[in-house]
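If you're matching positions, the sequence shown starts at 545 in the numbering used here and goes up one per residue.
Glycine included, every Cβ here is placed at the ideal spot set by N, Cα and C.
The model shown is predicted, which means the values in this text are computed figures rather than measured ones.
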Amino acid sequence: MIPYGRQSISEADIEAVVSVLRSDFITQGPALPRFEQAVAAYCGASYGVATNSATSALHLACLALDVGPGDLVWTSPISFVASANCARFCGADIDFVDIDAATFNMDPEKLAEKLEHARKSGGRLPKVVIPVHLAGQPSDLCAISKLSEEYGFRVIEDAAHALGGRYRGSAIGSCEHSDITIFSFHPVKLLTTGEGGMAITNRTDLAERMESLRSHGITREPSRMTRTPDGPWYYQQLELGFNYRMTDIQAALGYSQLQRLDAFLQKRVQLAGQYDTAFTDSGIRFQERQADSQSAHHLYIVRVPRSLHEKVFTAMREQGINVNLHYIPVYLQPYYQQLGFVAGHCPEAEQYYSEAVSLPIFPDLSSGQQDQVILALKTMLDQG
Ligand SMILES: *Cc1c(COP(=O)(O)O)cnc(C)c1O
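Quick look at the structure:
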C-alpha cells in the first residue's frame, strides 16, 4: 500500500532517541530547550514552546491571546478540525472565512468583505484570525496582517503543513506577519516527534504565558510569585494550566529530524514538480503557487472533475494507493452543525470538497511508486 504521507526515520534518529532513554532525563531535560531553540532559529524567530501536539499548541496560543467566552475566532473551513476546535476549548465562538478557489487558502478578499460587513452591521469582529497554510502553501499573510491592523485582531498561523515553507523572503514561523505560528510533528507532517507540536513567537510575554499554561500554570520563579517563597521547595500555581509538555525522547527525535528538514523539503519539491509535469493539460486543477512564496509541499492536492471524484478514490484505493481528502469543510461536521452552521455557508469550500484529492507525497516515496500513482490517475482521467 502506498500511503499519502509517511515519516522517514534514520539510524541517527533512532540513536538520538536511544541516547535520551539511557540518560538521566527522559522528560524535562536538556533535549527539549535544545529542540525549541533550534526550530525557532530555523524560522528566524525568538521563542519556541514545544507541546505534546499542535492541537495543544493552538489551544495555548488562543489562551495566550486571551481568547475566552464572548470572543470570536475566524479560520478557514478547509482545515483539520483542530484549527477551529482551539477556539471552542477557550469557550469562544468560531466562524469560517471561505477559501480562494485557486490557492485553496482563506481568501483575503472574502476576509475583508466579512470584516466590513461585521463592522457596518454592528456585528462582532474577530479577536483572532487563524489562517491555515494548506498543503504547505503560505496564505496571503501581508493582506491578512494589513486587515489585522485595520480591524484590531490578532493572527495565529496554523502552519501544521508549512514547516520549511517561505513567504516573501522569510521562513514560515518568522512571525513577521503574525503573533504566533503553530507547527505539528505528527508522523505525516514535515518532520515528526511521534506526536508533538510547537508554538513560535517573537513576543516574550506570549512565550512566557504559553510556557506557564503548558505546565499547570505553575512557576518556580520567585520574581513571578505573589509573595516570598516559603523555602527552596516552593512553587506557586498562578493560573489554571494543563500538562501539554513534550518529552525529551520526542524532542531528541525532533532535533535529529530537523537536521534533515532541508533534504526532506528538496525531495518534496522534486516530487511535486514531477506531478506538475505529469498532469499538465490533463484536465485537473492544481493549487496555485505564488511567486513570492515557497510551499513546504506537505500535501499534493489536485481538483478532479466532480463526476470522477468518488471513482478516483475507489479505483486508486483498490490499487493500493491511499489517496486522501484534505479536508471536509469543518462546519459540516455534526459537532459544528449542532452549533448552528448549515450547508452553503462557504460555497467555494464545498465546491472544493467535491473535487479535491491528495496524492501520495513524502520523502521516501520512490519514483516507481510515484509512476504508479501518475499512471493510475491518468488512466482514470482518460477514461473520463
Ligand atoms: C495536523 C494538523 C493539526 C493538528 O496537529 P496535531 O499535532 O495532530 O495535534 C492542526 N492543524 C492542521 C492544519 C493540521 O493538519
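TODO: Indicate, with yes or no, if ligand 1 has a heavy atom lying under 7 angstroms from the CB of Ala556.
DONE: no
- [ ] Output the residue ranges of the beta strand (DSSP E) runs that lie fully inside the segment 746-828 and measure 3 residues or longer, sorted by chain position.
- [x] none
TODO: For my contact list, Gln681 and Ser839 are in at a C-beta cut-off of 8 angstroms; report their separation, rounded to the angstrom.
DONE: 4 angstroms
- [ ] Label Arg789 either buried or exposed according to how many other C-beta atoms from any shown protein chain fall within 10 Å of its C-beta, with 16 as the threshold for buried.
- [x] buried
- [ ] Can you tell me which of the three DSSP states Ser714 falls into?
- [x] strand
Task: When His721, Arg712, Ala706 and His677 are compared against Gly698, the one with the closest alpha-carbon - done: Before going further, note that residue 698 is Arg rather than Gly in the sequence given. That would be His721, whose Cα lies nearest to the Cα of Arg698.
Open item on the list: Just verifying my parser: in three-state terms, what is the DSSP assignment at Asp557?
Closed with: helix
Open item on the list: Could you check if Val641 belongs to the surroundings of ligand 1, using beta carbon to heavy atom distance under 7 angstroms?
Closed with: no
- [ ] Classify Ala753 as buried or exposed, calling it buried when 16 or more other Cβ atoms lie within 10 Å of its own Cβ.
- [x] Reading the sequence as shown, one finds Arg at residue 753 and not Ala. Under this definition Arg753 is a buried residue.
Task: Nearest to Gly864 (by Cα), restricted to the options Ala900, Ser898, Leu919 and Ala816 - done: Leu919
Open item on the list: Checking 8 angstroms against the spacing of the C-beta atoms, do Cys719 and Thr745 come in under that value?
Closed with: yes
Open item on the list: Measuring only from the beta carbon, is Gly635 closer than 7 angstroms to any heavy atom that is part of ligand 1?
Closed with: no
- [ ] Measure the C-alpha to C-alpha separation of Glu862 and Val856 and round it to an integer number of angstroms.
- [x] 10 angstroms
Open item on the list: Following a CB-centred definition, is His705 positioned closer than 7 angstroms to any heavy atom of ligand 1?
Closed with: yes
Open item on the list: Measuring alpha carbon to alpha carbon, tell me which residue in Arg663, Asp702 and Tyr711 is nearest Gly696.
Closed with: Arg663
Task: Buried versus exposed, by CB contacts within 10 Å (16 or more), Ser623 - done: buried
- [ ] Look at the alpha carbon of Lys654 and the alpha carbon of His677, and state the distance between them as a whole number of angstroms.
- [x] 16 angstroms
Task: C-alpha distance - Met650 paired with Gln803, whole-angstrom precision - done: 31 angstroms
- [ ] Starting from Ile905, trace the alpha helix (DSSP H) both ways and give me its first and last residue.
- [x] Unbroken run through Ile905: none, as it is neither H nor E.
Open item on the list: Suppose contacts are defined by Cβ-Cβ distances below 8 angstroms. Is Met769 in contact with Gln781 by that definition?
Closed with: no
Open item on the list: Counting C-beta neighbours from all protein chains within 10 Å, is the total for Phe569 16 or more, i.e. buried, or is it exposed?
Closed with: exposed
Task: Counterpart residues of Ile744 in DSSP-defined beta bridges - done: Gly592 and Thr725
Task: Stretch-stretch touch, CB-based, cutoff 8 angstroms, three pairs: the segment 815-830 with the segment 920-927 - done: yes
Open item on the list: Could you check whether Ile716 and Ala704 sit closer than 8 angstroms to each other, using their CB atoms as the reference points?
Closed with: no
Task: Ser563 versus Ser554: straight-line alpha-carbon distance, rounded - done: 14 angstroms
Task: Pick from Tyr896, Gly588, Thr599 and Leu903 that is closest to Gly741, judged by C-alpha positions - done: Thr599
Open item on the list: Using the Cβ count rule (16 or more neighbours within 10 Å means buried), how would you classify Gln914?
Closed with: buried
Task: Contact the segment 784-798 vs the segment 871-890: 3+ CB pairs below 8 angstroms - done: no
Task: From Ala706, Gly785 and Ala656, residue whose alpha carbon lies closest to that of Ala687 - done: Ala656
Task: Backbone CA spacing between Val874 and Val611 [nearest angstrom] - done: 20 angstroms
TODO: Name the two residues that bound the continuous beta strand (DSSP E) containing Arg632.
DONE: Unbroken run through Arg632 is the alpha helix (DSSP H), Ala626 to Phe633; no beta strand (DSSP E).
Task: Neighbourhood of Asp684 by C-beta distance below 6 angstroms, restricted to the same chain and skipping five residues each side - done: Pro652
TODO: Tell me whether Thr858 sits in a helix, a strand or coil according to DSSP, three-state version.
DONE: helix
TODO: Can you tell me which of Ala608, Asp774, Leu883 and Asp642 puts its alpha carbon nearest to the alpha carbon of Gln895?
DONE: Asp642
Task: Pairwise C-alpha distance: Pro577 and Ile724 - done: 18 angstroms
Task: Candidates Val625, Cys606, Thr595 and Met545, of which the one nearest Pro878 by Cα - done: Val625
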